[in-house]
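Worksheet for the structure shown next.
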Amino acid sequence: MAAHLKKRVYEEFTKVVQQQQEEIATKKLRLTKPSKSAALHIDLCKATSPADALQYLLQFARKPVEAESVEGVVRILLEHYYKENDPSVRLKIASLLGLLSKTAGFSPDCIMDDAINILQNEKSHQVLAQLLDTLLAIGTKLPENQAIQIRLVDVACKHLTDTSHGVRNKCLQLLGNLGSLEKSVTKDGEGLAVRDVQKIIGDYFSDQDPRVRTAAIKAMLQLHERGLKLHQAIYNQACKLLSDDYEQVRSAAVQLIWVVSQLYPESIVPIPSSNEEIRLVDDAFGKICHMVSDGSWVVRVQAAKLLGSMEQVSSHFLEQTLDKKLMSDLRRKRTAHERAKELYSSGEFSSGRKWGDDAPKEEIDTGAVNLIESGACGAFVHGLEDEMYEVRIAAVEALCMLAQSSPSFAEKCLDFLVDMFNDEIEEVRLQSIHTMRKISNNITLREDQLDTVLAVLEDSSRDIREALHELLCCTNVSTKEGIHLALVELLKNLTKYPTDRDSIWKCLKFLGSRHPTLVLPLVPELLSTHPFFDTAEPDMDDPAYIAVLVLIFNAAKTCPTMPALFSDHTFRHYAYLRDSLSHLVPALRLPGRKLVSSAVSPSIAPHEDPSHQFLQQSLERVYSLQHLDPQGTQELLEFTIRDLQRLGELQSELAGVADFSATYLRCQLLLIKALQEKLWNVAAPLYLKQSDLASAAAKQIMEETYKMEFMYSGVENKQVVIIHHMRLQAKALQLIVTARTTRGVDPLFGMCEKFLQEVDFFQRCFIADLPHLQDSFVDKLLDLMPRLMTSKPVEVVKILQTMLRQSTFLHLPLPEQIHKASATIIEPAGESDNPLRFTSGLVVALDVDATLEHVQDPQSTVKVQVLYPDGQAQMIHPKPADFRNPGPGRHRLITQVYLSHTAWTEPCQVEVRLLLAYNSNSRIPKSPWIEGGEVSPQVETSIEGTIPFSKSVKVYIMPKPARR
Amino acid sequence: MPEIRVTPLGAGQDVGRSCILVSIAGKNVMLDCGMHMGFNDDRRFPDFSYITRNGRLTDFLDCVIISHFHLDHCGALPYFSEMVGYDGPIYMTHPTQAICPILLEDYRKIAVDKKGEANFFTSQMIKDCMKKVVAVHLHQTVQVDDELEIKAYYAGHVLGAAMFQIKVGSESVVYTGDYNMTPDRHLGAAWIDKCRPNLLITESTYATTIRDSKRCRERDFLKKVHEAVERGGKVLIPVFALGRAQELCILLETFWERMNLKAPIYFSTGLTEKANHYYKLFITWTNQKIRKTFVQRNMFEFKHIKAFDRAFADNPGPMVVFATPGMLHAGQSLQIFRKWAGNEKNMVIMPGYCVQGTVGHKILSGQRKLEMEGRQVLEVKMQVEYMSFSAHADAKGIMQLVGQAEPESVLLVHGEAKKMEFLKQKIEQEFRVNCYMPANGETVTLPTSPSIPVGISLGLLKREMAQGLLPDAKKPRLLHGTLIMKDSNFRLVSSEQALKELGLAEHQLRFTCRVHLHDPRKEQETAMRVYSHLKSVLKDHCVQHLPDGSVTVESILIQAAAHSEDPGTKVLLVSWTYQDEELGSYLTSLLKKGLPQASS
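Chains as they are written, first to last, in UniProt numbering: chain A, 1 to 964; chain B, 1 to 600.
Right under this line is the structure:
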């Protein structure tokens with residue numbers, strides 16, 4: 001109520017001011033709106049105490065100010081500033097000035113003089129700091145104005161000697177943001193003294209206050225970001241700051257050193273206390289490496305992160321980071337890694353069973369041991385062992401980046417990455433597995449390393465296992481024992497976690513195709529064939545057996561001698577698997593058999609692929625046959641749609657195209673069918689009941705067009721036009737049907753108008769594409785537009801009807817790459833007979849795990865829908881963090897859906913499915929799902945604004961009444 | 001000359017019975033009060049009579065600090081406080097306070113009940129002793145008295161292990177106790193800020209060792225256990241009840257969790273259960289992972305690890321058993337070992353060092369046939385593994401800590417003399433600080449130069465500020481004032497105020513000097529010439545020619561008079577107050593050089 005009253009007060013006062021100012025009559029236009037500045041002025045005049053004034057200012061700051069009234073407001077604020085004695089109010093005014101000067105469309109140069117003016121008379125340090133902040137806002141708003149910049153820099157330099165750290169901080173910030181970039185530009189003009197901003201800032205590296213030191217370094221970094229080339233001399237200054245007492249200074253200094261090292265990588269710097277010289281980047285690398293064992297973890301993270309991006313560093317420095325000379329009682333000891341390597345190369349597998357297996361060997365010269373290496377020694381060893389997982393992750397990332405640029409380093413860091421697979425924190429494990437995958441083309445795993453890698457397959461976390469499968473897909477294995485080991489472990493994994501089936505098969509597919517020669521000697525053993533005896537035929541439905549076959553068949557693809565080792569049933573199984581799991585089993589050239597598909601031979605280019613040809617031909621056929629009699633057209637369309645659908649099922653790579661074209665043809669078919677209805681000839685009142693078909697067709701076409709527009713990735717503008725065109729036709733159809741079924745003209749007026757607006761909209765949106773739409777429905781429609789605009793609804797309907805009939809069938813150009821968005825719900829599996837019991841009114845969490853393919857921006861589009869048996873539908877928005885991105889075009893949704901309901905007497909099934917939400921444009925009315933989880937009263941097969949794109953899964957649930 | 005004196009009563013060039021006396025700025029502190037495991041006679045406890053021959057210990061010692069609960073750091077505490085007699089405060093961290101009495105009681109039981117020693121401390125003594133304990137938090141500054149303060153830092157050796165900073169005025173000593181610079185599964189790494197103590201007393205157990213990454217060790221351990229369990233074998237891990245045992249439990253527990261293993265893990269009951277209870281309680285003392293996840297689940301609430309019962313040893317199928325004691329010399333671990341030794345599927349993993357003569361040492365050195373009591377011969381078919389899990393800093397870690405703390409000098413304890421020698425040399429070479437390694441009973445004396453704070457009056461400071469430019473941190477400035485020493489505090493005030501405060505009258509002190517000038521002219525002219533000369537030379541100062549013929553430069557008076565004997569020589573009388581000493585002496589030397597001829 002109070003707020004309401006206050007508003008009133010404002011309004012009234014505003015009016016008074018208007019009248020006063022009308023006498024001046026120069027700024028009449030601006031004053032037609034209630035002036036904000038006036039209200040503020042009056043408030044401030046009313047304020048009796050500083051606290052009051054502060055309140056008014058705070059209130060004022062909550063509302064935005066229009067660009068044109070900013071200046072007035074600023075004047076009033078300044079006026080009060082001069083009068084005000086209380087520093088807190090002045091501080092607020094100063095901050096408001098800064099905010100106001102950021103207003104878009106307002107040029108703040110007019111208030112700069114005043115701001116500088118009040119700065120000179122200000123005594124309070126806090127207000128000074130705030131004023132400098134305001135100046136910074138003004139300065140950044142006017143980046144082109146050199147004179148102002150120079151003036152501001154002057155002001156900043158003047159206040160650099162202030163005793164308060166806050167003021168010095170702000171001055172440095174100002175210098176960093178506005179300091180002149182090029183000297184030559186500033187030399188002209190009124191002979192303003194050119195200041196060497198870098199030197200001024202550099203002087204504050206040794207300020208007594210750590211906050212100022214940090215600000216100085218930050219300002220320097222800011223200069224660098226703005227494109228000013230930093231002097232190399234800064235390097236030495238920055239190096240001194242590395243041993244600062246305060247972590248924020250050290251952290252900033254590490255960044256600065258990194259920047260300089262990137263600017264002058266090849267410069268030569270002397271090593272203190274010796275005559276040698278090294279490259280600057282190497283020196284910086286060593287220094288940053290040293291910071292990896294800093295006392296503060298913030299600095300450690302910073303240092304570890306930056307190491308990754310120093311690619312110019314010399315290789316021997318790089319390799320030192322993994323080196324930590326071990327010793328025991330002053331005798332040299334080999335690391336476990338070295339021992340493993342030696343055991344491996346000596347042909348013996350690790351015994352590890354003797355005490356003193358790791359007994360130290362040779363004596364070390366005490367003088368030669370350097371316990372604190374000046375260089376990079378062991379930086380990563382320390383980083384990877386750090387207490388904080390943030391540091392470990394940063395170190396793993398850095399390792400990854402460096403290994404990607406240096407194959408020899410990749411080889412060396414392998415042992416360490418493998419070790420990270422056993423970290424206590426899952427994130428770190430996952431990160432190291434991903435890292436390993438990224439560098440896997442540079443490396444070959446040794447057997448003992450593979451052993452450790454494979455041990456992780458038993459991890460209970462699904463993410464880890466799948467990441468590991470992903471890794472195995474692109475790993476090089478050196479021996480056949482390695483392959484065997486991998487297979488055995490994968491099969492073990494399969495028995496332990498049967499849900500991993502698909503992922504494991506895929507993994508074996510790549511493992512096989514990468515190592516055909518290593519698989520070859522294993523084949524008899526794997527298939528358990530015997531030279532003399534026939535062995536029992538394995539069970540074809542055993543996932544483990546399929547896994548073995550997938551490995552072998554993929555290896556056999558490039559190894560022609562392999563099929564000779566197969567037994568009869570293997571060939572049979574091949575034929576079966578080739579058909580049922582065509583994405584996993586490649587086409588093989590088998591002796592004594594015709595090739596199942598000759599397409600695989602490399603001589604034939606994919607364009608001449610017969611299935612592709614078939615697709616093209618069948619489409620051509622449809623497009624050429626536009627003038628056949630309706631009956632023939634319909635049949636042809638029906639056949640073609642059927643063919644396309646089947647083709648899509650058979651050839652996964654063509655599925656997108658086939659489905660897309662089939663959908664389009666289906667739309668056309670529906671349209672033709674609707675127009676063929678006899679009812680058009682019947683007098684309107686007679687077919688009230690029969691109109692269902694036509695209106696249903698219109699509705700379905702609309703749905704299909706939405707699907708075409710939003711469910712396929714890779715749809716280009718060319719297609720969008722056609723889709724929209726089809727939708728327009730559907731709308732026309734709807735209009736006609738309504739016109740014929742409704743009596744009275746009144747509702748028609750609105751509909752006609754809306755339709756015409758849409759036509760207009762279409763024209764505006766796709767004006768560039770209109771020439772392609774020759775002879776089409778819209779083409780004709782636009783010709784008649786002037787007439788339609790003036791005619792009565794009944795006439796409009798008539799014209800539309802004839803035009804719909806006459807319009808031709810538009811050719812849909814196929815896009816290069818098109819994929820249909822699809823989703824598979826892996827969990828819940830929907831086979832459980834045990835109902836999920838929970839107390840009604842409370843919630844139960846249902847784990848949902850689904851894979852999404854070719855969904856763009858799933859975080860905002862994918863929703864989960866729950867349908868209750870009583871017809872309630874519920875929409876759930878998964879959190880963005882629930883989506884993982886295992887590969888390009890693929891997403892994984894792992895989330896929890898909360899179910900709740902009032903009590904039931906019997907357990908019943910709810911349906912869970914995934915929806916793809918779309919929001920094409922403003923024409924589509926906002927659908928209720930915008931309000932999260934709102935329950936809509938009636939069930940529809942398709943809610944407007946969303947497309948179901950997964951099969952629904954049934955979950956048995958049982959809400960029980962709560963016990964009292 | 002102020003100094004810090006350090007005398008190790010134990011742990012000087014030795015491992016065991018840590019006990020170090022520190023005298024700092026007149027305060028005496030005893031660091032740790034441990035027993036020696038190698039002795040059973042008087043030598044097992046430190047020689048407390050060294051501290052004071054006949055006086056009471058309480059009068060001499062200001063406080064006792066215990067770094068952690070291991071017996072070689074706290075084992076002699078009840079003896080010291082109750083039997084020798086000490087009533088002053090004993091400082092330790094909360095976990096140490098909780099766990100220490102359990103271990104002391106255990107130690108007492110073995111010594112008295114098993115070995116039948118007389119004249120040993122009793123349970124009541126342990127309780128009484130613990131009543132004197134003051135518990136401290138990490139990073140909490142505790143004022144022992146007006147001047148002495150102590151502060152604990154995280155040491156990561158065992159639960160509750162701490163490093164202590166002892167500080168009197170501006171002098172300070174840091175005692176590390178045992179610490180670990182590499183984090184493990186349940187503890188974080190030791191950390192200290194850049195406190196720049198005068199002396200850092202550090203342990204040096206692994207002075208000559210640089211260890212391999214802990215991950216390899218862990219992996220090996222887990223792999224061995226996993227393999228043994230997979231082939232259906234039983235795994236025996238003999239451990240000491242506290243410290244490493246928990247580390248291994250966490251390791252196995254998380255591994256079981258991760259790999260979804262089902263084989264049971266058992267822990268022999270007793271001591272450990274009580275201790276585990278405290279581990280659950282002191283979550284803040286553990287590492288990042290445990291601290292972060294304890295809201296969902298406390299890692300010490302083991303899901304897979306259950307209490308062991310004697311009967312379980314005969315159960316079929318795989319299992320893992322942690323049993324005490326760690327060296328297989330007696331008790332439960334030996335019983336289980338005897339049961340399982342015959343099967344080659346089984347495995348025993350020794351996670352630590354074994355003393356010569358124990359079964360553990362024998363099997364580690366490869367003996368396959370053991371003679372047990374009663375002439376039985378036990379054939380060992382099971383696999384024997386050795387795995388070192390130790391929570392001390394290695395040479396690199398020690399250097400790292402020294403680097404972090406930036407001490408003025410370092411003192412090594414808790415290590416072997418030969419190894420210390422190496423580390424000492426390294427520290428001196430790389431940090432360029434003094435390093436000491438006293439033997440037991442040997443005193444190290446370190447001279448210190450403590451800074452003495454002096455209060456300055458604001459008036460004086462402002463006056464000096466007004467005179468010159470802003471203070472520059474890098475340049476010394478001259479400042480005139482009076483230093484008043486009163487009741488052991490120092491103040492710098494202006495001389496006027498000092499006079500007023502002390503009730504003294506001001507005395508004027510003037511220097512006069514005669515300068516002979518060869519000048520035949522009259523006195524007035526000479527004065528005139530002096531005036532013009534000085535005016536030209538001293539441009540910054542106010543030079544005046546007074547009507548009585550004398551010249552003044554600021555407050556310095558110059559009068560010219562004819563020489564009584566030789567009229568050709570004029571005598572210049574120069575007189576100045578002592579405040580203007582600088583200018584006065586400059587003027588005299590200037591005038592002694594004579595006047596320039598050109599002006600005449």
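Built from N, CA and C at the ideal position, the CB exists for glycine as well.
Note that this is a predicted model, so its numbers are computed, not measured.
| Query | Result |
| --- | --- |
| is_contact[K673/A, chain B] using C-beta, thresh 9 Å | no |
| Residues that DSSP places opposite P270/A in a beta bridge | E277/A |
| Pair within 9 Å by beta-carbon distance, residue 966/A and L100/A | Nothing about residue 966/A can be read from this structure; chain A reaches only from 1 to 964. |
| According to DSSP, residues forming a beta bridge with Q896/A | D847/A |
| Residues bridged to I150/B [DSSP beta-bridge criterion] | V142/B, I166/B |
| Contact the segment 384-395 of chain A vs the segment 415-428 of chain A: 3+ CB pairs below 8 Å | yes |
| Any C-beta of chain B under 9 Å from that of M420/A | yes |
| Length of the line joining the Cα atoms of V571/B and E3/B | 57 Å |
| Whole-angstrom distance between S18/B and L9/B, CA atom to CA atom | 7 Å |
| Test: E464/B CB closer than 9 Å to a CB of chain A | no |
| Continuous alpha helix (DSSP H) assignments of at least 4 residues falling wholly in the segment 77-113 of chain B | 94-108 |
| 9 Å Cβ cutoff, W340/B in contact with chain A | no |
| Boundaries (first-last residue) of the alpha helix (DSSP H) holding K229/A | Note, K229/A: premise wrong, no alpha helix (DSSP H); not H, not E. |
| Cβ shell of G26/B (< 7 Å), same chain only, five flanking positions each side left out | none |
| The segment 953-964 of chain A in contact with the segment 830-838 of chain A per 3-pair CB rule at 8 Å | yes |
| Distance between T284/B and K292/B (C-alpha atoms, nearest Å) | 10 Å |
| L483/B classed as buried or exposed, judged by whether at least 16 other C-beta atoms fall within 10 angstroms | exposed |
| For L159/B and V229/B, the rounded distance between their alpha carbons | 30 Å |
| Beta-bridge partners of I237/B, as assigned by DSSP | F322/B |
| Proximity of M562/A and I552/A at Cβ, strictly below 9 Å | yes |
| Within chain B, partners of S293/A - CB distance below 7 Å | Q400 |
| Whole alpha helix (DSSP H) elements within the UniProt domain "Beta-Casp" (245-363) of chain B, 4-residue minimum | 271-281, 288-293, 331-340 |
| Opening and closing residue of the beta strand (DSSP E) in which Y175/B lies | 171-175 |
| Unbroken stretches of the alpha helix (DSSP H), 4 residues or longer, contained in the segment 392-417 of chain A | none |
| Proximity test, Cβ basis, 9 Å: Q559/B and chain A | no |
| CB contact check: I456/B to chain A, cutoff 9 Å | no |
| Inter-residue spacing [alpha-carbon to alpha-carbon] between P87/A and Y175/B | 49 Å |
| Members of the segment 258-290 of chain B that neighbour chain A once the beta carbon cut-off is set at 7 Å | R258, M259, N260, N287, Q288, K289 |
| Contact with chain A by W576/B, beta-carbon distance below 9 Å | no |
| Residue-level contact to chain B via CB, E489/A, 9 Å cutoff | no |
| Cβ shell of G594/B (< 7 Å), same chain only, five flanking positions each side left out | L517 |
| Amino acids of chain A, ordered along the chain, whose beta-carbon sits closer than 8 Å to that of P183/B | E385, D386, E387 |
| Chain B contacts made by the segment 495-507 of chain A, where a contact means CB separation under 8 Å | K496 |
| Contact with chain A by A152/B, beta-carbon distance below 9 Å | no |
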